[in-house]
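Asks:
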Amino acid sequence: MEQRKSISLIWILVKYMILCILAAGAAFLGFWAGMSLLLGSGALYAANAGERMAQEAAARMEQEGITKELVPDLCGYVIWEKGSLVDSDLNGKALRAAGNYRENGKNAAGRFHISVKNGEKEAVLQYTFHMQLADPAWRKRIPGFEGLYMTFWGAFFIGSLVLLTFHYVKVIKARLRVLQEAAVNLARGELERPLGNPGIREYNEVMRAMEQLQAALRQSLQEQWKMEHSRIAQTSALIHDLKTPLTVIDGNTQLLAETELTEEQREYVDAVLKNTAAAGEYLERLKKIARSPAEGAARKTAMSGEHVQAELLRETEELCRVYGLTVKGDKTELPELEAVWQDIKRAVLNIVRNAAEHTPRGGQIYLQFIWTAPWLEILVTDEGPGFTQKALRHGLEPMYTEAESRPQNGHMGIGLAFAQETARLHGGSVRLSNTEEGHGRVSLCIRSE
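First residue of the sequence shown? That's 50 in this note's numbering, and the numbers climb one at a time after it.
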């Protein structure tokens, strides 16, 4: 693409100012040229023509006598004889102004006078300082020619400014459009597309900064892509490693189930088979979610709030019994809720398992349900030592398994990360915190219409 020649924004503004000055000069020259042409051709009287004609007429009246035939075209008149008004072509304010001048010699605003006496007659000639057309017929058609003439050239000047302004606004907007398109491309994630050249040096500097941002975003996305693939590979490898011992446990438990067992032993074996089957299904789902959250998403189903709470409490009690813990449930009145309950149950049990692993034997796990339509919050509180500051910041990250997350050993990364992903797919989130007593607390919040 051809590079647009760059100019300075200051130079554009200077050109605009110069053209505005030239427009003012053109209007001024046109005004005076037109006026000079009209005055030179005799088509227009000068502004002082009325005064000059009044002075000449007054001189003649003093010599020849006062008659209306001697009154010039540009003057009005009032004639008195023996103190009585006998003739006038004025009326209204103009007549009163002439009368006042006869009595006190003062001119009215915009009206000027000359008085003349000859014998028993007296006259006052009235005139104004305005340019007027010489032709009486045209003067009647256009009585305010001077104002109209000035308005024309004023409109010419203002129109020139408007056209110049529109032109330069269009120029600047066209250059700005390149920046706008670049910003839109960045917002859309089109990081390989050239951003263009606005053609104004100051705008080019902004564009260079946007290009640096584009390069940084591209590099960041590439690194994120590499990290994501690395995470998927690690998760897939871990799932593969877990499947082997899980298969061994399941196979041996099935063999054990075929032997003669006591009722209590049969109950334990059934529990192992049930949980190994659930764990295998969970690993398959986790593998799909690792590849693509959308691929691992199941269809939402509706379930009564009472059944949801009862099922989660039952599963929690069954899990905590293995750790020698008791469960205290705080149920609430819930409506029928819609969610992927299989994933919600696994997420809650992952949180409960993490809590149980860090609670001393003989302790208690608290399971609380809070409904604030359309949000369902499930709180799991343990009696363990609580989360460290580092765990509060990174505990929900996949594969986070540092020993310092809690003073005891245990899996923390996969279970809580799965819970976070499940909550996100339901429009919610998972939050880690500590109680005032220093115990761990995990909140799973989901949106259910």
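Backbone N, C-alpha and C define an ideal beta-carbon position, used for all residues, glycine too.
Who does D136 pair with in a DSSP beta bridge?
Replies: Working through the sequence shown from its first residue, we reach residue 136 at position 87. The partner list for D136 (beta bridge, DSSP) reads I128.
Asks: Pairs of beta-carbons, one from the region 371 to 389 and one from the region 352 to 361, closer than 8 angstroms: are there three or more?
Replies: The answer is yes - the region 352 to 361 touches the region 371 to 389, with three or more Cβ pairs under 8 angstroms.
Asks: Under 8 angstroms by Cβ, that's how I've got S209 and A98 pegged, so tell me the actual separation to the nearest angstrom.
Replies: Counting from one through the sequence shown, the residue named residue 209 turns up at place 160. Counting from one through the sequence shown, the residue named residue 98 turns up at place 49. About 32 angstroms; that fails the 8 angstroms criterion.
Asks: Do you know how far the Cα of V227 is from the Cα of A183?
Replies: Sequence index remark: in the sequence shown, residue 183 carries index 134 (1-based). Sequence index remark: in the sequence shown, residue 227 carries index 178 (1-based). The straight-line gap from Cα to Cα measures roughly 59 angstroms.
Asks: Which runs of the alpha helix (DSSP H) spanning at least 4 residues fall entirely within the region 277 to 353, listed in chain order?
Replies: Runs found: 312 to 340 and 342 to 345.
Asks: Would you list, in sequence order, the uninterrupted alpha helix (DSSP H) runs of no fewer than 4 residues that lie entirely inside the region 392 to 453?
Replies: List check, alpha helix (DSSP H) in window: 438 to 443.
Asks: How long is the line joining the alpha carbons of E382 and R242, rounded to whole angstroms?
Replies: If you number the sequence shown from 1, residue 382 lands on position 333. If you number the sequence shown from 1, residue 242 lands on position 193. So the alpha carbons of these two residues sit roughly 55 angstroms apart.
Asks: CB S497 to CB P434, shorter than 7 angstroms?
Replies: Residue 497 sits at position 448 when you count from the first residue of the sequence shown. Residue 434 sits at position 385 when you count from the first residue of the sequence shown. No.
Asks: Going by beta carbon distance, what residues of the same chain come within less than 6 angstroms of R455, once the five residues before and after it are set aside?
Replies: Residue numbering aside, residue 455 sits at position 406 when the sequence shown is read from its first letter. Any reading at R455 needs caution, since the residue's pLDDT is 46, under 50, leaving its predicted position unreliable; the model's value is listed next. Closer than 6 angstroms at the Cβ level, and outside the excluded window around R455, lie H407.
Asks: With a CB to CB cut of under 6 angstroms and the five nearest residues on each side skipped, what residues in its chain are close to V321?
Replies: Sequence index remark: in the sequence shown, residue 321 carries index 272 (1-based). So the qualifying residues of the chain are T302.
Asks: Starting from I495, trace the beta strand (DSSP E) both ways and give me its first and last residue.
Replies: Against the sequence shown, residue 495 aligns to sequence position 446. G489 to R496 is the extent of the beta strand (DSSP E) around I495.
Asks: So the candidates are A472, I249, Y372 and L304; which of them puts its Cα closest to the Cα of E58?
Replies: Walking along the sequence shown from the start, residue 58 turns up at place 9. As written in the sequence, residue 58 is Leu, which differs from the Glu given in the question. Nearest option by C-alpha distance: I249.
Asks: Quick one, are the C-beta atoms of V135 and Y126 less than 7 angstroms apart?
Replies: Here residue 135 corresponds to residue number 86 of the sequence shown, with the count starting at 1. Here residue 126 corresponds to residue number 77 of the sequence shown, with the count starting at 1. For V135 and Y126, no; Cβs fall outside 7 angstroms.
Asks: Might you give, ordered along the chain, the residues of its own chain that have their beta carbon closer than 7 angstroms to the beta carbon of E111, omitting 5 neighbours on each side?
Replies: Translated into positions along the sequence shown, residue 111 becomes position 62. Correct list, in chain order: V165 and N167.
Asks: Taking only the alpha-carbon atoms, compute the straight-line gap between L68 and R101 and give it to the nearest angstrom.
Replies: Within the sequence shown, numbered from 1, the residue matching residue 68 stands at position 19. Within the sequence shown, numbered from 1, the residue matching residue 101 stands at position 52. So the alpha carbons of these two residues sit roughly 41 angstroms apart.
Asks: Locate the beta strand (DSSP E) running through F161, then write down its first and last residues.
Replies: Looking up residue 161 in the sequence shown gives position 112. Residues F161 to N167.
Asks: For a test of the three-state rule: what should DSSP assign to I249, helix, strand or coil?
Replies: What you label residue 249 is simply residue 200 of the sequence shown in a count that begins at 1. Note: I249 maps to strand in three-state DSSP.
Asks: Should the region 256 to 265 be called in touch with the region 274 to 294, which here means at least 3 C-beta pairs below 8 angstroms?
Replies: At 8 angstroms Cβ cutoff, the stretches do not touch.
Asks: Kindly indicate which three-state DSSP category A95 falls into: helix, strand or coil?
Replies: Here residue 95 refers to the residue found at position 46 when the sequence shown is read from its first residue. Looking at A95 - three-state DSSP - the assignment turns out to be coil, as it is neither helix nor strand.
Asks: From the DSSP secondary-structure annotation, give me the bridge partner or partners of L182.
Replies: For this step, residue 182 is matched to residue 133 along the sequence shown. Answer is L93.
Asks: Mind checking who I56 pairs with in its DSSP beta bridge?
Replies: For the purposes of this step, residue 56 is taken as residue 7 along the sequence shown, with counting starting at 1. BP columns for I56 point to I249.
Asks: Grab me the residues of Y94's own chain with a C-beta within less than 7 angstroms of its C-beta, minus the 5 sequence neighbours each way, in chain order.
Replies: Along the sequence shown, read from residue 1 onward, the residue named residue 94 stands at position 45. These residues qualify, in order along the chain: L123, M180, Q181 and A183.
Asks: With DSSP collapsed to three states, give me the class of I481.
Replies: Residue mapping note: residue 481 aligns to position 432 of the sequence shown, counting from 1. In the sequence as displayed, the identity of residue 481 is Leu instead of Ile. DSSP places L481 in strand when its eight states are reduced to three.
Asks: Distance, Cα to Cα, I163 vs K142?
Replies: Taking the sequence shown and counting its residues from 1, the one referred to as residue 163 is at position 114. Taking the sequence shown and counting its residues from 1, the one referred to as residue 142 is at position 93. If you take the alpha carbons of I163 and K142, they lie about 17 angstroms apart.
Asks: Taking only the alpha-carbon atoms, compute the straight-line gap between R151 and H216 and give it to the nearest angstrom.
Replies: In the sequence shown, residue 151 corresponds to position 102, counting from 1. In the sequence shown, residue 216 corresponds to position 167, counting from 1. Their Cα atoms are separated by approximately 59 angstroms.
Asks: Would you kindly work out how many angstroms separate the C-alpha atoms of E230 and L474, rounded to a whole number?
Replies: Working through the sequence shown from its first residue, we reach residue 230 at position 181. Working through the sequence shown from its first residue, we reach residue 474 at position 425. Approximately 33 angstroms between the Cα atoms of the pair.
Asks: Identify which residue in S353, A96 and S482 has its Cα closest to the Cα of I400.
Replies: Here residue 400 corresponds to residue number 351 of the sequence shown, with the count starting at 1. The shortest C-alpha separation from I400 is found at S482.
Asks: Given L295, which residues of its chain have a CB within under 8 angstroms of its CB, disregarding the five upstream and five downstream residues?
Replies: Taking the sequence shown and counting its residues from 1, one reaches residue 295 at position 246. These residues qualify, in order along the chain: T325, A328, G329 and L332.
Asks: Please state whether the Cβ-Cβ distance between Y415 and T437 is less than 7 angstroms.
Replies: Start at 1 with the first residue of the sequence shown, and residue 415 comes out as number 366. Start at 1 with the first residue of the sequence shown, and residue 437 comes out as number 388. Against a cut-off of 7 angstroms, the Cβ pair of T437 and Y415 comes out as no contact.
Asks: Kindly indicate the opening and closing residues of the beta strand (DSSP E) around E387.
Replies: Locating residue 387 in the sequence shown gives position 338, where the first residue counts as 1. Looking at the DSSP string, the run of the beta strand (DSSP E) that includes E387 is L386 to A388.
Asks: CA-CA distance, E272 and L235?
Replies: Your numbering for residue 272 matches position 223 in the sequence shown. Your numbering for residue 235 matches position 186 in the sequence shown. Their Cα atoms are separated by approximately 18 angstroms.
Asks: Give me the Cβ distance between L174 and A103, rounded to the nearest whole Å; I'm assuming they're in contact under 8 angstroms.
Replies: By 1-based counting over the sequence shown, the position of residue 174 is 125. By 1-based counting over the sequence shown, the position of residue 103 is 54. Confirmed, about 4 angstroms.
Asks: Alpha carbon to alpha carbon, how far is E366 from E277?
Replies: One-based indexing of the sequence shown puts residue 366 at position 317. One-based indexing of the sequence shown puts residue 277 at position 228. Approximately 36 angstroms, taken between the alpha carbons.
Asks: Report the three-state DSSP secondary structure of L88 (helix, strand or coil).
Replies: In the sequence shown, counting from the first residue as 1, residue 88 sits at position 39. Three-state DSSP puts L88 in a helix.
Asks: Spatial neighbours of R402 within its chain, please: CB distance less than 7 angstroms, with the 5 preceding and 5 following residues excluded, ordered by chain position.
Replies: Sequence index remark: in the sequence shown, residue 402 carries index 353 (1-based). Cβ within range, chain order: L368 and G464.
Asks: Going by CA-CA distance only, name the one from S285, L441, G444 and A75 that's closest to F205.
Replies: The residue labelled residue 205 in the question sits at position 156 within the sequence shown. Of the listed residues, the one whose Cα sits closest to F205 is A75.
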